[in-house]
Amino acid sequence: MDERELLEAVDSLVRPGGRERVCGRSGHPAGHVCLAVSDAVNLSALLREFSRRYGQLRNLAMGGYADPTVTERTGLPLLAPFAGELVEMRGWASGSRWIGCGVVRAGDGEQLVVLVAERAAPSPDAPPEGTSWVDPPPRVTGGDARGAAQPRAEIEAEAGTELPEACCTWVQRVIELTEWKPLGISADWAAIEGELGVPLPADYKELYEAFGGGVFSDSVYFLGCDEGVSFDFLAQWRVALSVDQDSGLGSVSAVDPHAVYAPGGKGVVAWGSTEWADEYCWLIDAGRPGDYPVLARSHDGGPWHRYAMSTSEFLYRVLADAGFRPFGIAQYDLGATFKPGSVGPFDGRPL
643 MDERELLEAV
653 DSLVRPGGRE
663 RVCGRSGHPA
673 GHVCLAVSDA
683 VNLSALLREF
693 SRRYGQLRNL
703 AMGGYADPTV
713 TERTGLPLLA
723 PFAGELVEMR
733 GWASGSRWIG
743 CGVVRAGDGE
753 QLVVLVAERA
763 APSPDAPPEG
773 TSWVDPPPRV
783 TGGDARGAAQ
793 PRAEIEAEAG
803 TELPEACCTW
813 VQRVIELTEW
823 KPLGISADWA
833 AIEGELGVPL
843 PADYKELYEA
853 FGGGVFSDSV
863 YFLGCDEGVS
873 FDFLAQWRVA
883 LSVDQDSGLG
893 SVSAVDPHAV
903 YAPGGKGVVA
913 WGSTEWADEY
923 CWLIDAGRPG
933 DYPVLARSHD
943 GGPWHRYAMS
953 TSEFLYRVLA
963 DAGFRPFGIA
973 QYDLGATFKP
983 GSVGPFDGRP
993 L
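Here's what the structure looks like:
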């Protein structure tokens, strides 16, 4: 199949009531289908197009190493058919389906693969794909992110909850909420910020030094650095920037109406996501260092929502504020926990 045929085939497989997922490859388990891919199809072009259609991608395997933290809920069905063969795999969640795009070993070479696998439907008490809220989300988070940030007082009023006492920082509130013992991790911030060309938010650095990269409440992914590719924001930013700047892939960015941030410019850098593929980013403008509003968008590829608040305040509200819609998860009783990510390239575990 060429690129157009692949995209149409994937659309038909993820559509409710779509065709049956039976793989014709010998030895492959049930519950997925691998699609034939033409040698002329470009991997970067597919990654970009799938990200446009299905939102935040997940790095499940890179450089011949699989992320050991991947579970059935976070993309394991995309890895299972290729034991011992995988080189790279990215995944996207779409309703009750997983979409995978990657590279496998084939004879003396490598081969591009695309597959669609079954995805367990979220429980009624968890945030499902296409959640319908009883009440509309607050106006402050609606609309295109190109609009001006709302005043802090308006955010507080619209959210319907009072801010915690100002006796400690938002980072400290996240630490207390999760009952976490800070790790005191060190990082070469000068090198990282030198590559980006801008300073990172001070509270983000505090969060990383306390937690490292990992998963809050079994569902909110916090990207650090040197945590394995799945939790390394810098590695994911490099990949996103490379794809975004590839002139052969069209002029529409996967983060439209923005662009992926490039040093010296203006754009978005992802620092978090969720199990159901919500995206959390900074809007960085090199001309205004230190002023980084949070941009977030939901799994359905809807509009960006802009928040005039710090990284740690946004994270705290996601975890603790049930009225922080559409991104708050406290109403789902997932517990305020944290699990560190892997260390090194997928914890050094080969596929």
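According to my numbering, the stretch in the sequence shown is residues 643 to 993, in order.
A virtual CB, placed ideally from N, CA and C, is assigned to each residue, including glycine.
C-alpha distance - residue i paired with residue j, whole-angstrom precision
i: R948; j: R747; result: 42 Å
i: G977; j: H900; result: 34 Å
i: V656; j: D830; result: 42 Å
i: T716; j: D681; result: 29 Å
i: V885; j: D975; result: 37 Å
i: V910; j: D898; result: 10 Å
i: L757; j: G733; result: 10 Å
i: W822; j: Y863; result: 16 Å
i: L718; j: A919; result: 15 Å
i: G996; j: G944; result: Because the chain spans 643 through 993 in this model, residue 996 falls outside it and cannot be assessed.
i: V712; j: A950; result: 33 Å
i: G706; j: L728; result: 6 Å
i: T820; j: S859; result: 9 Å
i: L688; j: L648; result: 9 Å
i: G669; j: P658; result: 27 Å
i: D888; j: V664; result: 34 Å
i: L876; j: I834; result: 8 Å
i: K908; j: R930; result: 9 Å
i: A832; j: S861; result: 30 Å
i: G749; j: K847; result: 45 Å
i: G836; j: S828; result: 16 Å
i: R880; j: A708; result: 19 Å
Three-state secondary structure (DSSP) of residue i
i: W918; result: coil
i: E760; result: strand
i: G802; result: Confidence at G802 is low in this model, with a pLDDT of 35, below 50, so its placement is unreliable and no value can be given for it.
i: I926; result: strand
i: L649; result: helix
i: A735; result: strand
i: L721; result: helix
i: Q753; result: strand
i: H911; result: Checking the displayed sequence, the identity of residue 911 turns out to be Val instead of His. Of the three classes helix, strand and coil, the one that applies to V911 here is strand, per DSSP.
i: G742; result: strand
i: R695; result: helix
i: F966; result: coil
i: D886; result: helix
i: G856; result: strand
i: Y949; result: strand
i: A938; result: strand
i: V683; result: coil
i: A688; result: Checking the sequence, you will find Leu at residue 688 rather than Ala. Residue state, collapsed to three classes: helix.
i: E727; result: coil
i: Y850; result: helix
i: G866; result: strand
i: D874; result: strand
i: A748; result: strand
i: A833; result: helix
i: V675; result: strand
Own chain, CB closer than 6 Å to residue i, minus 5 neighbours either side, in chain order
i: G789; result: Annotation note: pLDDT 33 at G789 (below 50); position unreliable, no value reported.
i: P843; result: Y934, T953
i: P982; result: G854, G856
Nearest-angstrom beta carbon gap, residue j and residue i [assumed within contact, 8 Å]
i: D845; j: S954; result: 4 Å
i: G906; j: A882; result: Not confirmed; about 17 Å, so no contact.
i: E752; j: S738; result: Actually they are not in contact, since the Cβ atoms of E752 and S738 sit about 30 Å apart, beyond 8 Å.
i: A722; j: P671; result: 6 Å
i: A956; j: V936; result: First, the residue type needs correcting, since residue 956 is Phe and not Ala in the sequence shown. At roughly 5 Å, the Cβ-Cβ gap stays under 8 Å, so F956 and V936 are in contact.
Proximity to residue i [Cα-Cα], best of the options
i: R690; options: G983, P968, C743, V729; result: C743
i: R994; options: V679, K847, S668; result: Absent from the model: residue 994. The displayed extent of the chain is 643 to 993, so no value can be given.
i: T811; options: S952, Y863, D975, G726; result: S952
i: Y903; options: R694, L838, G737; result: L838
i: E917; options: A672, F969, E848; result: F969
i: A867; options: E851, S859, R695; result: For the record, residue 867 in the displayed sequence is Cys; it is not Ala. Measuring from the Cα of C867, the nearest candidate turns out to be E851.
i: R695; options: Y707, W740, R880, L957; result: W740
i: L849; options: A832, Q814, A725; result: Q814
i: G826; options: A832, L925, I817, I926; result: I817
i: H674; options: A832, L720, S861, L728; result: L720
i: F980; options: P841, Y958, L688; result: Y958
i: L925; options: V840, S861, D888, V664; result: V840
Contacting residues, own chain, Cβ-Cβ under 8 Å from residue i (five flanking each side not counted)
i: E714; result: A762
i: Q878; result: N701, L865, V871, A912
i: P824; result: I817, E851, A852, F853
Contacting residues, own chain, Cβ-Cβ under 7 Å from residue i (five flanking each side not counted)
i: E921; result: G697, Q698, A912, S915, A938, R939
i: R667; result: C676
i: L754; result: V679, V683, L685, V745
i: A972; result: L961, A962, D963, A964
i: A651; result: M643, L677
i: S693; result: L699, A896
i: T773; result: Confidence is the limiting factor: at T773 the pLDDT is only 31, short of 50, which leaves the residue's position unreliable, though a coordinate-based value still follows. Nothing listed; no residue qualifies.
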